[in-house]
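*Asks:* First to last, the sequence lines map onto chains A and B. Numbering of the first sequence is given in the numbering used here, commencing with residue 457 and proceeding in unit increments. Numbering of the second sequence is given in the numbering used here, commencing with residue 56 and proceeding in unit increments. Even glycine gets a Cβ: it sits at the ideal position worked out from N, Cα and C.
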Amino acid sequence: MSTIVVLVKQVPDTNAKIAVQGGRVDLSTVKMEMSPYDGFAIETALRHKEATGGTVTALTVGAAGTEKILKDAKAMGVDNIVRVWDDAWSELDSNALQTVLKEAVESLGANTVYCGKSAADTGAGSTGPGLAERLGWANASNIIGAEFGESVTVSMQVEAGVANITVPLPAVISCDKGDIKPRKANVKGIMMAKKAQVEIMTANAPASTVVVANHSMPAAKPAGKTFEGGSSASQVVQLLRDEANVL
Amino acid sequence: MYYEVKKMTNKIVIAELTKGTVNASTAELVSAAQAMGGDVTVVVPCTDASTADSVANYDGVAKVIAVKSDVFAGNDSSGWASALDSATPTGTILFLATARSKDVASRLAARRGISVVQDVVSIDGNNLTSPIYSGKANQTVTVNGDAVVSVRANVFSSVGSGSSNDVSVVDASGDVKTAVQQVMERASARLDVSEANIIISGGRGMGSPANFTHLEAVADTIGAAVGASRAAVDTWDDIPHSMQVGQTGKTVNPNLYIAVGISGAIQHLAGMRSSKYIVAINKDADAPIFQHADYGIIATWEEALPVFQDALSNLLA
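(1) If we require 3 or more residues per run, which beta strand (DSSP E) segments fall completely within the region 209-234 of chain B?
(2) At which residue ranges does the region 126-175 of chain B contain complete beta strand (DSSP E) runs of 3 or more residues, listed in the order of the chain?
(3) Kindly say whether ILE120 of chain B, judged by its beta-carbon, lies nearer than 9 Å to any beta-carbon of chain A.
(4) SER690 of chain A and ALA366 of chain B: beta carbons closer than 9 Å?
(5) Under 7 Å Cβ to Cβ from TYR57 of chain B, same chain only, skipping five residues before and after it: list those, please.
(6) Quick one: complete beta strand (DSSP E) runs, 3+ long, within the region 480-508 of chain A?
(7) Identify whether SER630 of chain A lies in helix, strand or coil by the three-state DSSP scheme.
(8) Residues of chain A with CB under 8 Å from ASN193 of chain B, in chain order?
(9) Determine the direct distance from the alpha carbon of ALA340 of chain B to that of SER80 of chain B, and round the result to whole angstroms.
(10) Identify every run of the alpha helix (DSSP H) within the region 253-281 of chain B, keeping only runs that are complete inside it and at least 4 residues long; order them along the chain.
(11) Let's see if you can read the secondary structure: which residues bound the alpha helix (DSSP H) around PHE363 of chain B?
(12) Using the C-alpha atoms, what's the distance from ASN181 of chain B back to GLU59 of chain B?
(13) Give me the Cα-Cα distance between ILE646 of chain A and VAL203 of chain B, rounded to the nearest whole angstrom.
(14) With DSSP as the reference, label ASP469 of chain A as helix, strand or coil.
(15) Would a C-beta distance cut-off of 9 Å place LEU548 of chain A and LEU463 of chain A closer than the cut-off?
(16) Pick out whichever of B:ALA234, B:ASN193, B:GLY304, B:GLN322 has its Cα sitting closest to the Cα of VAL476 of chain A.
(17) Answer yes or no: does any C-beta atom of chain B fall closer than 9 Å to that of ILE498 of chain A?
(18) Would DSSP call HIS323 of chain B helix, strand or coil?
(19) Among the residues of its own chain, which have a CB less than 7 Å from the CB of SER216 of chain B, if the five just before and after it don't count?
(20) Hey, is VAL464 of chain A's beta-carbon within less than 9 Å of any beta-carbon in chain B?
(21) What residues from chain A crowd round ARG259 of chain B, counting only those whose CB sits closer than 7 Å?
(22) Relative to the alpha-carbon of ARG167 of chain B, which residue among A:GLU589, A:THR682, A:ASN595, A:LYS530 has its alpha-carbon at the smallest distance?
(23) Check whether the Cβ of SER256 of chain B lies closer than 9 Å to any Cβ atom in chain A.
(24) According to DSSP, simplified to helix, strand and coil, what is MET239 of chain B?
(25) Which same chain residues end up closer than 7 Å to PRO492 of chain A when comparing Cβ atoms and leaving out the 5 residues on each side of it in sequence?
Structure below.
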């Protein structure tokens with residue numbers, strides 16, 4: 457029996473344009489969604505449960521507005537949905553966030569945690585390995601396949617190629633897009649998700665020592681040179697050598 | 056006007072290991088550390104202390120520590136972080152932002168109860184800037200106290216060499232938790248997009264996955280990696296996700312990125328816009344990719360690629 461937690465995070469739609477207003481990213485008109493890699497984590501968690509028995513709990517850290525992604529996870533088939541929050545929190549740095557997650561995962565009695573390889577907002581990928589360290593657990597990151605038993609055997613890219621690695625439980629495993637395709641929610645799942653209760657938890661967060669100072673747009677690139685016709689390709693090769701100095 | 060008293064904590068650079076040797080970008084980490092202020096120590100994880108010889112001549116370094124452990128022959132982040140923790144002084148710690156080092160950086164920060172800031176591309180004292188939303192915007196954070204930081208390659212200049220630093224050697228053991236069963240070696244010698252200085256990527260405009268052989272031919276001429284857009288990966292099973300460049304694939308910043316038959320969806324641009332030079336080959340003059348290209352060629356790939364390939368072969372012959 458496995459007690460599985462899958463971490464999910466709400467981020468802006470990855471197809472959306474991002475604008476900065478007054479030194480901060482303006483998300484007021486941007487559609488929010490579950491970070492794309494979290495879908496792979498949910499699918500992996502569900503397959504783990506189907507292989508060994510147990511429960512899957514989807515967990516997010518966020519204000520009330522983030523519950524939609526928990527309902528989306530429920531519609532895919534997770535058993536329980538949990539939102540961890542304290543209205544005193546604003547931006548949690550990685551130390552604070554991972555401390556909160558450790559407390560939540562321990563109080564749920566989990567022995568396996570899945571998450572996306574990184575969230576599509578920061579792209580940092582710190583949460584999985586950092587949480588594992590705080591729990592004293594093994595971790596594997598950016599997995600592209602998994603088989604489940606007493607331990608989880610994952611496949612992941614390494615320097616030399618693709619490695620099969622045995623990860624003893626308890627462990628935190630982060631999922632890349634790979635062999636495991638997320639299932640689509642069916643009508644029954646969506647109906648059940650509508651009625652599902654979100655369990656609210658809180659935890660103790662240390663003060664953040666890394667604080668956001670501002671957001672800015674990347675510097676615009678100067679206009680490039682455009683050529684017409686395939687024969688111009690030789691000219692471009694010459695420019696790459698003489699002007700850009702990259703060949 | 057007020058004066059802020061800044062505590063200059065030690066800066067520790069963890070040398071990046073690539074296939075057992077010190078990656079040249081480690082010299083970039085030293086200048087990144089200098090930009091934060093304080094004395095710079097370089098820690099070299101290794102299985103043989105002679106690995107550290109290649110950093111002994113770095114300028115601007117107060118101390119070099121070779122940390123010897125069997126764990127550094129493997130990939131287990133717990134093993135790496137625990138062995139490094141035992142031998143690394145306190146202070147702010149800098150890693151190169153590669154997949155493995157970002158993982159180890161996260162564990163090491165957690166071990167020390169401090170925060171981690173990943174993918175830094177600009178440093179102004181204790182203000183660190185990283186791309187967010189895969190480069191659609193930048194975020195600057197202020198770090199108070201020690202932190203673990205990963206820094207992108209190809210952003211900071213390298214420190215010079217010519218000094219002769221003493222190298223002290225420390226033996227360390229690590230808490231390895233996972234076990235490698237087998238490694239299926241990559242079939243081709245071609246680089247992965249995440250480690251290449253030149254990338255040539257194809258999109259759905261390539262027409263079929265079989266046509267990627269034309270990109271591979273160019274790649275082999277100039278030692279490039281072959282990438283793909285999400286549209287190509289999602290459309291064709293023969294194009295694996297490991298090739299995908301973009302917000303849900305790999306974020307890359309090579310010296311040269313060549314986009315062939317790629318229109319330039321926001322998703323894709325996010326993953327490659329920080330490339331130093333961008334070449335776009337597309338038959339549609341209105342394709343958004345041209346707004347981001349240093350050199351745009353409006354032509355079908357069938358017309359342009361053979362010319363491109365010939366010119367490269369002549370140039371490099």
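*Replies:* Here's the rundown:
(1) Within the region 209-234 of chain B, the complete beta strand (DSSP E) runs of at least 3 residues fall at 222-226.
(2) Secondary structure remark: continuous beta strand (DSSP E) runs of at least 3 residues inside the region 126-175 of chain B, in chain order: 147-151, 170-175.
(3) With a threshold of 9 Å between beta carbons, ILE120 of chain B makes no contact with chain A.
(4) Here SER690 of chain A is near ALA366 of chain B, since their CB atoms are less than 9 Å apart.
(5) At TYR57 of chain B, the pLDDT of 49 sits below 50, so the modelled position is not reliable and the matter cannot be decided from this model.
(6) As far as the region 480-508 of chain A is concerned, its whole beta strand (DSSP E) runs of at least 3 residues are 480-482, 488-490.
(7) In the displayed model, SER630 of chain A falls within a strand according to three-state DSSP.
(8) Near ASN193 of chain B (Cβ distances below 8 Å), the residues of chain A are HIS671, SER672, MET673, PRO674.
(9) If I take the Cα positions, the gap works out to 37 Å.
(10) If we require 4 residues or more, the alpha helix (DSSP H) runs fully inside the region 253-281 of chain B come out as 267-277.
(11) From DSSP, the alpha helix (DSSP H) with PHE363 of chain B extends over 356-371.
(12) Only weak support exists for where GLU59 of chain B lies, its pLDDT of 48 falling under 50; the value from the coordinates is given anyway. Between GLU59 of chain B and ASN181 of chain B, the C-alpha separation is close to 12 Å.
(13) Separation of ILE646 of chain A and VAL203 of chain B (C-alpha to C-alpha, rounded to the nearest whole angstrom) is 42 Å.
(14) If DSSP states are grouped into helix, strand and coil, ASP469 of chain A belongs with coil.
(15) The Cβ atoms of LEU548 of chain A and LEU463 of chain A lie no closer than 9 Å to each other.
(16) Answer by Cα proximity: B:ASN193.
(17) Taking CB atoms only, ILE498 of chain A has no neighbour in chain B less than 9 Å away.
(18) In the three-state DSSP reduction, HIS323 of chain B falls in the helix class (H, G or I).
(19) Cβ within range, chain order: ASN112, TYR113, ASP114.
(20) With 9 Å as the cut-off, VAL464 of chain A does not count as an interface residue toward chain B.
(21) In chain order: nothing, as chain A lies at least about 16 Å away.
(22) Residue A:GLU589 is the option with its Cα nearest to ARG167 of chain B.
(23) So, not an interface residue.
(24) Here MET239 of chain B sits in strand by DSSP.
(25) Result list for PRO492 of chain A: THR470, ALA576, in chain order.
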